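Peer 1:
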Amino acid sequence: MILHGIQRGVNGLKWKSLEDFVSYHESIINRVCDTVAPESHRIVIADISCELWGKLRTTANRSPISLCFDCCYLVLRISGHPVSIGDMNDVALQILGRPLIVWRSGKAGAWWKKPRCKEIIIDVCGGGESEAV
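Numbering follows our numbering, in which position 116 of the sequence shown is assigned residue number 116; successive positions increment by one, without gaps.
1) Could you name the residues of the same chain whose beta carbon sits closer than 8 Å to that of Ser63, not counting the 5 residues immediately before and after it, in chain order?
2) Cβ of Cys117 within 9 Å of Cβ of Ile78?
3) Closest by CA to Ala110, which one among Tyr24, Arg98, Glu26 and Leu67?
4) Where does the unbroken alpha helix (DSSP H) through His25 begin, and where does it stop?
5) State the Cα-Cα distance for the pair Leu56 and Ile120, rounded to the nearest angstrom.
6) Compare the Cα-Cα distances from Val32 to each of Val75, Asp20 and Phe21 and report the closest residue.
7) Does the contact criterion of 3 or more C-beta pairs under 8 Å hold for the segment 78 to 94 versus the segment 25 to 45?
8) Assuming Leu96 and Ile65 are in contact, meaning their beta carbons sit under 8 Å apart, how far apart are those beta carbons, in whole angstroms?
9) Using the three-state DSSP reduction, which class does Ala161 fall into: helix, strand or coil?
10) Determine the burial state of Ile43: buried for a count of at least 16 other Cβ atoms within 10 Å of its Cβ, exposed for fewer.
Below you can see the structure in the form of C-alpha cells.
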C-alpha cells in the first residue's frame, strides 16, 4: 500500500527504518528550501534546517512535518531571508497538498521558547539569544 509516496510494510509501519523516516522529512525540508530560499544560500539554509530538525524532533512539541516547516522558517528568518507564514502555507499546499498547522502559544507556550529548544536553536544557528528567537 502506498501513502503519499511512502510504502507501508507488512508490519504496518510507515517507514522501514529511522533512516527512512529522517530521509523523508529532510526531503520535505529540501523541497521547502528549493521553493523559498534564495538560490545563493539554498543549500546552506537546507543543511542547517535539516540539522535543526534532527536535533529538535524529539524535544519540540510539534509533528515531524510541521517541525520541518518551522525549522525552515526559523533558519530563513535568522539568515536574513525571512518568509511570511502565508508564504509557508502556500508552500505547504504545494508540497503536502494541505495547509500548515501554524504554531500557537497555547497553554504550554510556544515550543521554540522552551529553554531546551532555545538552546538547540542557538547551538545550531549560532549567535546570541536575541538573534536566534
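By construction, the Cβ of each residue, glycine as well, lies at the ideal position given by its N, Cα and C atoms.
Bear in mind the structure is a predicted one, so any value in this text is a computation, not a measurement.
Peer 2: On the basis of the coordinates in this document:
1) Cβ neighbours of Ser63 beyond the five flanking positions: Ile101.
2) Between Cys117 and Ile78, the C-beta spacing is not below 9 Å.
3) Checked all of Tyr24, Arg98, Glu26 and Leu67; the closest Cα to Ala110 is Leu67.
4) From DSSP, the alpha helix (DSSP H) with His25 extends over Leu18 to Val36.
5) Using only the alpha carbons, I get a separation of about 7 Å.
6) Measuring from the Cα of Val32, the nearest candidate turns out to be Val75.
7) The answer is yes - the segment 25 to 45 touches the segment 78 to 94, with three or more Cβ pairs under 8 Å.
8) 7 Å between Cβ atoms; contact.
9) Residue 161 is absent from the model: the chain starts at 1 and stops at 133.
10) Exposed is the call here.
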